[in-house]
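Some notes on the structure that comes next.
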Amino acid sequence: MEAIGTGAAANVSSEAAKGIFHQVKHHIRYVIFYQKIVDKFEQKHRTLIAKRTSVQQDVDVAERNGEKIKADVLDWRHRVEKVVTEKEKKVKDLEVKAKTKCFLGLCPNIKSRYQLSRKAEEAAATFDELIKDCQFERVGYPDVPEPVVHTDFEAFKSREKVFNDTMESLKDATTSMIGVYGMAGVGKTSLVNEVERQLHEVKLFDSVVGAIVSRIPDIKEVQDQMAYSLGLKLEENSPVVRARRLGERLRKEKNVLIILDDLWKKLDLAEVGIPFGSQHKGCKILLTSRYQNVLRNGMDATKTFAIGDLDDEEAWEFFKKMAGDSVESDEELRSTAIEVAKKCARLPLALATVARALRNKPLFFWSDALQQLQRPYLEKSSDDISAEVHSAIELSINHLSSEDLKQIFLLCSLLRRDTRIEDLLCWS
1 MEAIGTGAAA NVSSEAAKGI FHQVKHHIRY VIFYQKIVDK FEQKHRTLIA
51 KRTSVQQDVD VAERNGEKIK ADVLDWRHRV EKVVTEKEKK VKDLEVKAKT
101 KCFLGLCPNI KSRYQLSRKA EEAAATFDEL IKDCQFERVG YPDVPEPVVH
151 TDFEAFKSRE KVFNDTMESL KDATTSMIGV YGMAGVGKTS LVNEVERQLH
201 EVKLFDSVVG AIVSRIPDIK EVQDQMAYSL GLKLEENSPV VRARRLGERL
251 RKEKNVLIIL DDLWKKLDLA EVGIPFGSQH KGCKILLTSR YQNVLRNGMD
301 ATKTFAIGDL DDEEAWEFFK KMAGDSVESD EELRSTAIEV AKKCARLPLA
351 LATVARALRN KPLFFWSDAL QQLQRPYLEK SSDDISAEVH SAIELSINHL
401 SSEDLKQIFL LCSLLRRDTR IEDLLCWS
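Per UniProt numbering, the sequence shown starts with residue 1, numbered consecutively.
Structure, rendered in structure tokens:
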């Protein structure tokens, strides 16, 4: 029994001795292989810094392309900045101490080298983990652009009912397609822009997607406008494939409003890729057109609302606001301005265009403008664009300072009959 006990004790002592030896060996190597461990730290540090620079370059490219940076990329960059700053400081502080010798400069500072070696190894291991985590196929993703907020809407009293009816219809679950119609320059686009702005505030729809259709629809252009609102890239050439991809993307939105502005004739929704009715019950469509029959008969809109011209008081107050305080500066100018405003036929677009062209101008400009507006407009109007709107365009052109712009406007207004009047006048 005594022999067995002695043998067991010897085994325990042997195992303990081995454990102590391994511990001593593990710690001694920090001193013996001090330079090797520090070199490895520096190599890992250089690699991590190179990775960080590479990722930053990719991030810069993604941001220039309007992309948002992925969450895991942002987290990795944050961890790298924190770790690099902390580890660099600790290691550099210890490096200074490690270079200081003891015993009158005859011996290396063993303690400081030991501490430096341990910290360098820990830091190298942390760097290595971050290097391995840097496996990003892409650092960014396409961002859905924020909607353009139109803040210049004029809340005319005469338009309140149309505006409120449109908003209520969009909230009505039984109404899927709404149309707003009226002659050119009456303010259809402005009203719909304000509807869109308020819908974003109340968050009635998950997404609001818009496109300008125009007289001769370019299906590819309409698709691209809608895709941009959704953060979708349509790179295919096939119209069928593009329509299918757009439809698939729209169906991912639980509640979506599609605004199609400036329809001149029936638009094939399936050709564009707009899922509607039974294909997507969460999809509503808001249309604008000059013609009620396009909305009602062509597009089968559930409800249509007409926008008329302004009343006399609204027209004058709006004209004064656009023209500036000068119209009230003297009686003769004021009386001339009133006559000029009357020639704009109470159309917001004509009123705004003429008023801005004459803003803060002296009396003789106003008198000349009145004579110009009183002359019969001889050019054939394109479809239902009124002579008053055409005269407003011509007057605005004549008061531009650039001769080149005058020629461009004249050509556009007289020759390009498919051009939206609103788009032409945004330059003036």
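All C-beta atoms in this analysis are idealised placements derived from N, C-alpha and C, irrespective of residue type, glycine included.
Computed from a prediction, not measured in an experiment: that's the story for all the values here.
With 16 other Cβ atoms within 10 Å as the buried cut-off, status of residue i
i           : result
Gln-223     : buried
His-78      : exposed
Tyr-141     : exposed
Thr-166     : buried
Glu-196     : buried
Asn-164     : exposed
Gly-210     : buried
Glu-194     : buried
Ala-124     : buried
Val-240     : exposed
Phe-305     : buried
Thr-288     : buried
Lys-220     : exposed
residue 452 : Residue 452 lies beyond the range of the chain shown here (1 to 428); nothing can be said about it.
Asp-172     : exposed
Lys-87      : buried
Arg-290     : buried
Arg-138     : exposed
Arg-249     : buried
Arg-64      : exposed
Rounded straight-line distance, which links the Cα of residue j to that of residue i
i       : j       : result
Ala-352 : Ser-190 : 13 Å
Asn-360 : Gln-198 : 33 Å
Gln-292 : Ala-341 : 28 Å
Glu-253 : Tyr-181 : 28 Å
Ile-285 : Ser-54  : 45 Å
Lys-233 : Gln-135 : 25 Å
Glu-235 : Arg-242 : 8 Å
Lys-68  : Trp-316 : 47 Å
Arg-244 : Leu-267 : 17 Å
Lys-343 : Leu-74  : 60 Å
Asp-58  : Lys-70  : 12 Å
Glu-271 : Ile-216 : 15 Å
Asp-311 : Val-256 : 35 Å
Leu-349 : Ile-258 : 25 Å
Cys-283 : Pro-275 : 7 Å
Lys-281 : Gly-308 : 32 Å
Phe-127 : Thr-47  : 9 Å
Trp-264 : Gln-225 : 18 Å
Gly-157 : Phe-318 : Looking at the sequence shown, residue 157 is not Gly but Lys. The straight-line gap from Cα to Cα measures roughly 12 Å.
Ala-337 : Gln-374 : 13 Å
Arg-118 : Lys-51  : 24 Å
Ala-355 : Glu-339 : 12 Å
Val-84  : Lys-36  : 20 Å
Leu-358 : Phe-365 : 7 Å
Ser-367 : Arg-334 : 11 Å
Asp-262 : Asp-60  : 38 Å
Gly-179 : Val-162 : 11 Å
Ser-278 : Ile-131 : 51 Å
Residues bridged to residue i (per DSSP)
i       : result
Gly-140 : Ile-69
Ala-211 : Leu-260
Lys-284 : Leu-257
Ser-289 : Tyr-181, Leu-263
Under the three-state DSSP convention, the category residue i falls into
i       : result
Met-177 : strand
Ala-306 : strand
Ser-190 : helix
Ser-158 : helix
Ala-227 : helix
Met-322 : helix
Arg-375 : coil
Glu-196 : helix
Ala-315 : helix
Asp-206 : coil
Met-299 : coil
Lys-361 : coil
Glu-235 : coil
Phe-276 : coil
Asp-60  : helix
Gln-35  : helix
Gln-43  : helix
Ile-216 : coil
Asp-172 : coil
Ala-123 : helix
Ala-345 : coil
Boundaries (first-last residue) of the alpha helix (DSSP H) holding residue i
i       : result
Gly-247 : 239-251
Ala-350 : 348-358
Arg-334 : 331-342
Ala-270 : 269-272
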